[in-house]
Amino acid sequence: MDSLKDCYTLYNGVKIPCVGLGTYLTDDGETCVNAVRAAIEAGYRHIDTAVAYGNEASVGKAIRECGVPREEIFVTSKLRNVNQGYEETKAAFEVTMEQLGLDYIDMYLVHWPIARGHKLDWKEHSYQTWRAFEELYEAGRIRAIGVSNFLTYHLEPLMERAKIMPMVNQLELHPGYHQDEIVAFCKEKGIVLEAWSPMMQGKQMQNPLLIEIGEKYGKSAAQVCVRWSLQKGFLPLPKSVNPERIRQNADVFDFVLTDEDVAKIDTLKSVGRLGPHPDTIYPD
298 MDSLKDCYTL YNGVKIPCVG LGTYLTDDGE TCVNAVRAAI EAGYRHIDTA VAYGNEASVG
358 KAIRECGVPR EEIFVTSKLR NVNQGYEETK AAFEVTMEQL GLDYIDMYLV HWPIARGHKL
418 DWKEHSYQTW RAFEELYEAG RIRAIGVSNF LTYHLEPLME RAKIMPMVNQ LELHPGYHQD
478 EIVAFCKEKG IVLEAWSPMM QGKQMQNPLL IEIGEKYGKS AAQVCVRWSL QKGFLPLPKS
538 VNPERIRQNA DVFDFVLTDE DVAKIDTLKS VGRLGPHPDT IYPD
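Note that my numbering numbers the sequence shown so that position 216 is 513, with each residue one more than the last.
In structure tokens:
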């Protein structure tokens, strides 16, 4: 990947820009609108949101008013956990489209593998959700479908019954947490891996190793994390509402980490998971 214009290709041929703006914990309203606008002005063409983030309306407003043709911007949203199920998914999708104010979305993800109240029958519930995803995809309402936070044992039973395989799996992936098993599984199956919290939620930005490696390239620890993600074959979704940091997070194409530096960064994997385990059952 040599620029923000470069893309991964999903197995259905759809192109997905190699870095996206994450909007988790970005408040709805002008803060979100301005962050998305700043990202698009900086060259981002991939914006990631979700119903659970509470900011779909602001993301949609920024995209509609940014002046860039809609077809040039890749928009992702995610199904809220409480809305899993065949009929529930279809109804929730219409709400998402109304909130975004768009004619279609580029990608729709199942946000979480196990819904509340379905600890025992989650496999069937997940499949019924996916069946609705397949129908929305086949109707042309969505250009690509996938999942988020699914581990191997969540994906395997779904893929055994699915007509259309998941195209993306969005996971917590960063220098402190590698998830080797599910990463290997997805790469084997041709599923693109997106990395949420690629900068470890800022918790390791004062890490001496990341700072030292960044200084070698004239880059920040955050930029090193984003570059590491790209070199691992992931699609990072760095989040910021600060226009300068938004630009900096995408300024990662003028250097390449050496194999030695990548190996050094890999030693940070003992930091571990920052978010909840995917088997955690969320009310929403």
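Think of the CB as a built atom: it goes at the ideal place given N, C-alpha and C, for glycine as much as any other residue.
Computed from a predicted model, the values in this text were never measured in an experiment.
If we count the other Cβ atoms within 10 Å of its Cβ and call it buried at 16 or more, is Ser300 buried or exposed? exposed
Taking the alpha helix (DSSP H) that Tyr405 falls in, what are its first and last residues? Note, Tyr405: premise wrong, no alpha helix (DSSP H); beta strand (DSSP E) at Ile402 to Val407.
Using three-state DSSP, classify Gly499 as helix, strand or coil. helix
Between the CA atoms of Ser517 and Leu507 - distance to the nearest angstrom: 8 Å
Please list, in chain order, all residues of the same chain as Thr306 whose beta carbon is under 8 Å from its beta carbon, the five residues on each side excluded. Lys312 and Ile313
Grab the span of the alpha helix (DSSP H) containing Asn331 for me, first residue to last. Glu327 to Glu338
With three or more beta-carbon pairs closer than 8 Å as the criterion, would you say the stretch 553 to 571 touches the stretch 337 to 351? no
Below 8 Å on the Cβ atoms is my guess for Arg428 versus Asn378; work out the distance and round it to an integer in Å. Between Asn378 and Arg428 the Cβ distance is about 17 Å, and since that is not below 8 Å, they are no contact.
Selected residue, minimal CA-CA separation from Gly357, among Ser494, Met394 and Gly530: Nearest option by C-alpha distance: Met394.
Taking DSSP's pairing of strands, which residues face Asp345 in a bridge? Gly319 and Thr373
Met462 and Lys486: beta carbons closer than 8 Å? yes
According to DSSP, residues forming a beta bridge with Ala441: Answer by DSSP bridge pairing, in chain order: Met404.
Inter-residue CB distance, Ser494 and Gly572 (contact presumed, cutoff 8 Å): With a Cβ gap of about 7 Å, Ser494 and Gly572 count as contacting.
Apart from the five residues just before and just after Met464, which ones in its own chain have a Cβ nearer than 8 Å to its Cβ? Leu307, Tyr308, Asn309, Val311, Met404, Ala441, Ile442, Gly443, Ile488 and Val489
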